[in-house]
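Notes follow once the structure below has been shown.
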Amino acid sequence: HPEDRDLYFERTRQLLREGSVRSRYRVHDRQGNYHWLLDEAKLLRDDLGQPVEAVGLWLDVTEATLAAQQIKDSEERYRLLVEDSPAMICRYRPDLTLTFGNTPLANYLECTPAQLPGINLGHWLSEEQRSAFVKRIGQLSPEFPVSTAEISLQLPGRAHAWWVWSDRGVFDEHGQLQEIQAVGRDNTEVRRSQQQLTQSAKMATLGEMATGLAHEINQPLNVMRMAIVNMLKRLGNGNVQIDYLTEKLQRLDAQVQRAARVVDHMRVFGRRSEVEQQPFDPAQAVEGTQSLLGEGLRGKGVDLRITPMDGHVQVNGHVDQLEQVLINLVVNARDALMARHEKNHDLRPWIALYSEHDSRHIRIWVEDNGGGIDARLLERIFEPFFTTKPIGVGTGLGLSVSYGIVENMGGRLSVVNSEHGARFCVELPVVGGG
Ligand code: ADP
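The working numbering applies: residue 20 is where the sequence shown begins, and numbers increase by one.
In structure tokens, the structure reads:
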């Protein structure tokens with residue numbers, strides 16, 4: 020090979036000088052194809068020390084040489100890929116100490132890639148997030164070496180960040196986890212807009228409930244007015260006993276408390292959810308739904324039938340979000356019932372809320388006798404902005420946001436048509452369930 024000519028002469032000079040040589044060069048065969056040869060030669064001399072001939076070994080090492088070259092090229096390609104990738108790429112030990120990280124990761128952690136090895140990833144995770152992370156890593160095995168999760172971190176100088184994070188375990192020959200290779204993508208923007216969407220859907224729900232609420236607060240106000248009018252009448256007559264006054268004032272107090280409870284509840288409901296999920300009893304969300312909507316439904320002639328849960332379980336998430344899901348489902352049922360009632364005045368509208376649980380899941384059903392959902396629409400009702408209601412009435416967000424909330428809690432929101440109407444099911448994993 021023209022490029023190896025000098026190499027070949029140098030090899031020959033070395034053979035004469037030192038008596039043996041080992042080198043590698045290309046020669047072509049009759050067809051003109053080049054081969055890599057590994058050449059090991061030894062010089063034989065006569066009694067006077069003059070070179071007589073060379074003995075040697077030629078090995079065709081074309082394949083091995085090309086393979087090595089390919090590995091070198093691909094290593095280079097991967098190095099560039101890792102360095103130029105906008106994704107965060109790193110390797111870390113099971114105790115979360117980084118052994119390598121690329122520039123995007125270093126940028127997020129506000130250091131240089133060279134400073135990354137030795138840093139512990141757990142540093143940016145809350146206690147809860149860290150233990151969930153370590154637990155997830157602990158479940159990697161040679162059979163199932165890959166796991167993906169969304170993790171949330173507290174980065175230097177930034178608000179919360181969410182990363183979609185994929186881990187692949189690297190195991191030794193005993194199946195022991197040695198190291199983890201991870202690829203991450205910043206999902207914070209997406210998360211933020213999801214949160215905003217949830218928040219606006221929540222505000223829309225609040226608006227919906229304003230009428231029911233006005234009733235909820237008006238009720239105690241009426242009772243209080245009556246009590247005050249009566250007291251004033253008696254005072255005017257000069258006919259007041261302490262017992263009578265005490266009883267009336269206690270009644271006023273009870274009504275003030277009732278109104279305050281409603282207002283408190285609204286405030287809690289309107290707040291943004293905490294970042295971390297918390298275990299809570301889903302029965303609380305059912306109670307909240309009843310207290311916010313019960314009165315308004317009764318006013319519209321809808322019978323809200325709530326079957327109390329038997330026993331207590333805990334689920335992970337935010338109680339106000341689950342409440343928002345139930346409120347959306349009940350409000351949708353109400354709308355379907357009202358629409359049907361307009362056409363059929365004999366309809367006795369009802370909404371049933373009941374549940375069932377085993378050691379792993381709790382299922383909460385919301386069923387109505389509104390006639391159900393057109394089979395062709397069943398697939399689509401969970402899509403954002405899908406609505407069959409008039410413009411300005413429906414937002415089409417209720418079910419899609421509810422779907423997201425339930426999914427975020429590790430559960431599933433589904434619907435079937437029962438013999439009476441639509442039956443929605445919120446299925447959630449129970450905390451500590453197998
Ligand atoms: P919106 O209520 O603003 O229309 P949703 O996402 O909550 O948005 O609901 C989407 C659609 O699903 C509704 O417009 C309605 O057609 C249908 N739907 C939801 N719940 C029921 C139900 N209980 N009975 C009949 N149709 C329903």
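C-beta: ideal position from N, C-alpha, C; glycine also.
Nearest to ILE346 by C-alpha distance, out of ILE383, GLU72 and GLN50, is ILE383. DSSP places GLU198 in the strand class (E or B) of the three-state scheme. The C-beta of HIS376 has 16 or more other C-beta atoms within 10 Å across all chains shown, which makes the residue buried.
The shortest CA-to-CA distance from GLY307 to any of ARG395, VAL281 and LEU447 is the one to VAL281. Short note on THR217: C-beta not closer than 6 Å to any heavy atom of the ligand ADP. Taken from the Cβ of ASP322, every heavy atom of the ligand ADP lies 6 Å or farther away. Of the other Cβ atoms in all chains shown, fewer than 16 fall within 10 Å of the Cβ of THR167; this residue is therefore exposed. Annotation: the continuous beta strand (DSSP E) that includes ILE325 extends over 322-325. With the rule of 3 Cβ pairs closer than 8 Å, the stretch 395-415 does not count as touching the stretch 199-211.
In the three-state scheme derived from DSSP, where H, G and I count as helix and E and B as strand, GLU192 is classed as coil. At the C-beta level, ASP387 and ALA352 come within 7 Å of one another.
In the DSSP assignment, ALA355 falls within the alpha helix (DSSP H) that extends over 338-362.
Sorting ALA125, ALA223 and LEU271 by C-alpha distance to the C-alpha of ASN241 places LEU271 at the top.
The stretch 124-132 makes contact with the stretch 171-184, as at least three CB pairs between them are under 8 Å. With distances taken between CA atoms, LEU196 lies nearest to VAL165 out of GLU169, ARG204, VAL165 and TRP181. Around the beta-carbon of ILE424, 16 or more other beta-carbon atoms lie within 10 Å, marking it buried. Inclusion of LEU418 in the 6 Å shell around the ligand ADP follows from its C-beta lying nearer than that to a non-hydrogen atom of the ligand. Burial of SER419 is indicated by the presence of at least 16 other C-beta atoms within 10 angstroms of its C-beta. With respect to the 7 Å criterion, PHE405 and GLY415 are classified as neighbours on the basis of their beta carbons. The beta-bridge partner set that DSSP reports for ASP186 consists of SER166 and ALA201. Distances from the CB of LYS408 to the heavy atoms of the ligand ADP include at least one below 6 Å.
Relative to the non-hydrogen atoms of the ligand ADP, the Cβ of ASN427 never comes closer than 6 Å to any of them. Per the C-alpha coordinates, the member of GLY75, ASP354 and ARG64 positioned closest to VAL412 is ASP354. When DSSP states are grouped into helix, strand and coil, THR224 belongs to the helix group. With fewer than 16 other beta carbons inside 10 angstroms of its own, MET222 counts as exposed. Rounded to the nearest whole angstrom, the C-alpha separation of ALA246 and GLY320 is 28 Å. The C-beta separation of VAL40 from LEU57 comes to about 12 Å, leaving the pair out of contact by the 8 Å criterion. If the five residues before and after GLY429 are omitted, its C-beta is found closer than 8 Å to the C-beta atoms of ASN335, LEU447 and PRO448, all from its own chain and listed in chain order. Taking the Cα positions, ALA201 is about 22 Å away from ILE90. Runs of the alpha helix (DSSP H) lying entirely within the stretch 107-133 and spanning at least 4 residues, in chain order: 122-127. According to the DSSP assignment, VAL101 belongs to the alpha helix (DSSP H) that extends over 81-103. If you draw a straight line from the Cα of ALA60 to the Cα of PRO132, it is about 47 Å long.
Around the beta carbon of TRP55, a 10 Å sphere encloses 16 or more other beta carbons of the protein chains shown; the residue is thus reported as buried.
With a cut-off of 6 Å, the C-beta of ALA441 is classified as near the ligand ADP, since at least one heavy atom of the ligand falls inside that distance. When rounded, the separation of the alpha-carbon atoms in ILE236 and GLU342 is 20 Å. Distance from the C-beta of GLY315 to the nearest heavy atom of the ligand ADP is not below 6 Å.
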